[in-house]
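> Please find one structure pasted underneath; my questions will follow.
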Amino acid sequence: MRYIQTRFSKTNAKLKTLFLAAGLFSTTASAGGIDGEWKATIQTDNDKILPIVLHFDQDNDKWTGVLDSPSQNAYGIEMSSLDISGNNISFEIEDLQISYEGAYNPVVELMFGSFTQGKSQTLNFRKINTAKPDNRPQIPTGPYPYTVEEVSFKSTITNNIISGTLTKPNSRIKATAILISGSGPQDRDETAFGHKAFAVIADDLTRQGYAVLRYDERGIGDSTGSFSTATTEDFANDTSAIVDYLNSRNDLPKGKTGLIGHSEGG
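First residue of the sequence shown? That's 5 in this note's numbering, and the numbers climb one at a time after it.
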């Protein structure tokens, strides 16, 4: 816990700003009592979507709770006070000047409440299914027989920052592929229910001799910009900027860039 607290102290000011700027809404679901994990998401003023996870644990009659902000690598932020009485719950995190008061509905597995940090607003949590995750052996793990490079560059069209992962064969590169996700906010791996479809596709193509770039959509992960207000034309402009970036690199074949997409990305 000491490591987590030390790590958290460095992100404290950042978390304060993000929480204060946020609009809040709920996500994810499962079953059980108040003990366990609960999740909601925060959408900041610049349309970053940040997951927030609460962990509650009961040891005899004593309750403890912590908060995680996974996107900021902030974990195990201890609640300075926590009161659970029947289906009512309240907690405070003094360091962040956060307080929450709510009630647990066992029928729909929702925690309805009010979140306060400077101002009060509605924040409803859903229970996370903490069952053992599905085994997904197809998701690639290192060491890899190719080069993996984390890239980040400014769009020549919108000035947004686009971030992603570029995988390159160690031998001759046949061509370069860009993986384009479908509708809805997606990270570079197109993560869904523990499966990382784009990581699997990129791994297979790179082993066959192709360079592959997969990227976080605007406002998601490490990419900047607004996802919620973006149009299909905006997403097309992002793709055009990625093509320009790849063509500017001397380590990739010129004029041999292809697009692989589905749904809106197709």
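Positions of the beta carbon are idealized from the N, C-alpha and C atoms, including for glycine.
All of these numbers come straight from a predicted model, not from anything done at the bench.
1. Which term fits K200, buried or exposed, when burial requires 16 or more other beta carbons within 10 angstroms of its beta carbon?
2. Along the beta strand (DSSP E) that carries K129, what are the first and last residues, could you check?
3. Just confirm the distance between the C-beta atoms of I143 and D242, as a whole number of angstroms; I'd bet it's less than 8 Å.
4. Assuming I93 and G106 are in contact, meaning their beta carbons sit under 8 Å apart, how far apart are those beta carbons, in whole angstroms?
5. Is it right to say G269 is buried, meaning 16 or more other beta carbons lie within 10 angstroms of its own, or is it exposed?
6. Roughly how many whole angstroms lie between the Cα atoms of S227 and S187?
7. Where does D242 fall in DSSP's three states?
8. Start and end of the beta strand (DSSP E) containing I97?
9. Let me know the secondary structure DSSP gives R176 once reduced to three states.
10. Take the Cβ of T210 as the centre, count every other Cβ of all protein chains shown within 10 Å, and call the residue buried at 16 or more, exposed below.
11. Kindly indicate which three-state DSSP category T31 falls into: helix, strand or coil?
12. Look at the alpha carbon of Y214 and the alpha carbon of F231, and state the distance between them as a whole number of angstroms.
13. From which residue to which residue does the alpha helix (DSSP H) around L209 run?
14. Are L263 and I184 closer than 8 Å when you measure CB to CB?
15. Counting C-beta neighbours from all protein chains within 10 Å, is the total for N285 16 or more, i.e. buried, or is it exposed?
16. How many Å lie between I56 and T120 at the Cα?
17. Compare the beta carbon distance of T151 and K172 with 8 Å and say whether it is the shorter of the two.
18. In whole angstroms, what separates the C-alpha of D61 from that of I88?
19. What residue does the beta strand (DSSP E) around H59 start on, and which one ends it?
20. Could you give the distance in angstroms between the alpha-carbon of G69 and the alpha-carbon of G225?
21. Based on DSSP bridge pairs, tell me the residues matched to G168.
22. In terms of residues, what are the limits of the beta strand (DSSP E) holding N109?
23. If I measure Cβ to Cβ from G259 and keep anything under 8 Å in the same chain, skipping five residues before and after, which residues do I get?
24. Would W42 pass as a contact of L54 if the rule is Cβ separation under 8 Å?
25. Go ahead and label A196 buried or exposed: buried means 16 or more other beta carbons lie within 10 angstroms of its beta carbon, across all protein chains shown.
26. Taking only three categories from DSSP, how would you classify V247?
Put simply:
1. Taking the sequence shown and counting its residues from 1, one reaches residue 200 at position 196. Flag for K200 reads buried.
2. Within the sequence shown, the letter at position 125 stands for residue 129. Note on identity: in this sequence residue 129 is Phe, with Lys being the wrong assignment. Counting along the chain, the beta strand (DSSP E) containing F129 begins and ends at 129-131.
3. Walking along the sequence shown from the start, residue 143 turns up at place 139. Walking along the sequence shown from the start, residue 242 turns up at place 238. With 8 Å as the limit, I143 and D242 do not qualify as a contact, their Cβ atoms being about 25 Å apart.
4. Position 89 of the sequence shown, counting from 1, holds the residue named residue 93. Position 102 of the sequence shown, counting from 1, holds the residue named residue 106. 5 Å between Cβ atoms; contact.
5. Position 265 of the sequence shown, counted from the start, is the residue given in the question as residue 269. G269 comes out buried.
6. Taking the first residue of the sequence shown as position 1, residue 227 is located at position 223. Taking the first residue of the sequence shown as position 1, residue 187 is located at position 183. Each residue's alpha carbon lies about 17 Å from the other.
7. On the sequence shown, position 238 is the one that residue 242 refers to. DSSP, read as helix, strand or coil, puts D242 in helix.
8. Looking up residue 97 in the sequence shown gives position 93. For I97, the enclosing beta strand (DSSP E) covers residues 92-97.
9. Reading the sequence shown from its first residue, position 172 is the one you call residue 176. In the three-state reduction of the DSSP assignment, R176 falls in the coil class.
10. Counting from 1 along the sequence shown, the entry for residue 210 is found at position 206. Label assigned to T210: buried.
11. Locating residue 31 in the sequence shown gives position 27, counting from the first residue. At T31, the pLDDT of 39 sits below 50, so the modelled position is not reliable; the number obtained from the coordinates is stated separately. Collapsing the DSSP output to three states places T31 in coil.
12. On the sequence shown, position 210 is the one that residue 214 refers to. On the sequence shown, position 227 is the one that residue 231 refers to. It is roughly 29 Å from the alpha-carbon of Y214 to the alpha-carbon of F231.
13. By 1-based counting over the sequence shown, the position of residue 209 is 205. Counting along the chain, the alpha helix (DSSP H) containing L209 begins and ends at 201-211.
14. Residue numbering aside, residue 263 sits at position 259 when the sequence shown is read from its first letter. Residue numbering aside, residue 184 sits at position 180 when the sequence shown is read from its first letter. Yes, Cβ-Cβ distance for L263 and I184 is below 8 Å.
15. Since the displayed the chain opens at 5 and closes at 270, residue 285 lies outside it and no answer follows.
16. The residue given as residue 56 occupies position 52 in the sequence shown. The residue given as residue 120 occupies position 116 in the sequence shown. I56 and T120 have their C-alpha atoms spaced approximately 14 Å apart.
17. Your numbering for residue 151 matches position 147 in the sequence shown. Your numbering for residue 172 matches position 168 in the sequence shown. Yes, the Cβ-Cβ distance between T151 and K172 is below 8 Å.
18. Looking up residue 61 in the sequence shown gives position 57. Looking up residue 88 in the sequence shown gives position 84. Approximately 11 Å between the Cα atoms of the pair.
19. Locating residue 59 in the sequence shown gives position 55, where the first residue counts as 1. Run containing H59: 53-63, per the beta strand (DSSP E) assignment.
20. Numbered from its first residue, the sequence shown carries residue 69 at position 65. Numbered from its first residue, the sequence shown carries residue 225 at position 221. A direct Cα-Cα distance of roughly 26 Å separates G69 from G225.
21. Residue 168 sits at position 164 when you count from the first residue of the sequence shown. According to DSSP, which records beta bridges pairwise, G168 is partnered with V155, Y219.
22. Here the question's residue 109 lines up with position 105 in the sequence shown. Its beta strand (DSSP E) spans residues 102-109.
23. Within the sequence shown, residue 259 is the residue found at index 255, counting from 1. Excluding positions up to five away in sequence, the list reads N251.
24. Sequence index remark: in the sequence shown, residue 42 carries index 38 (1-based). Sequence index remark: in the sequence shown, residue 54 carries index 50 (1-based). No, they are not a contact pair.
25. By one-based count along the sequence shown, residue 196 stands at place 192. Label assigned to A196: exposed.
26. The sequence position of residue 247 within the sequence shown is 243, counting from 1. Of the three classes helix, strand and coil, the one that applies to V247 here is helix, per DSSP.
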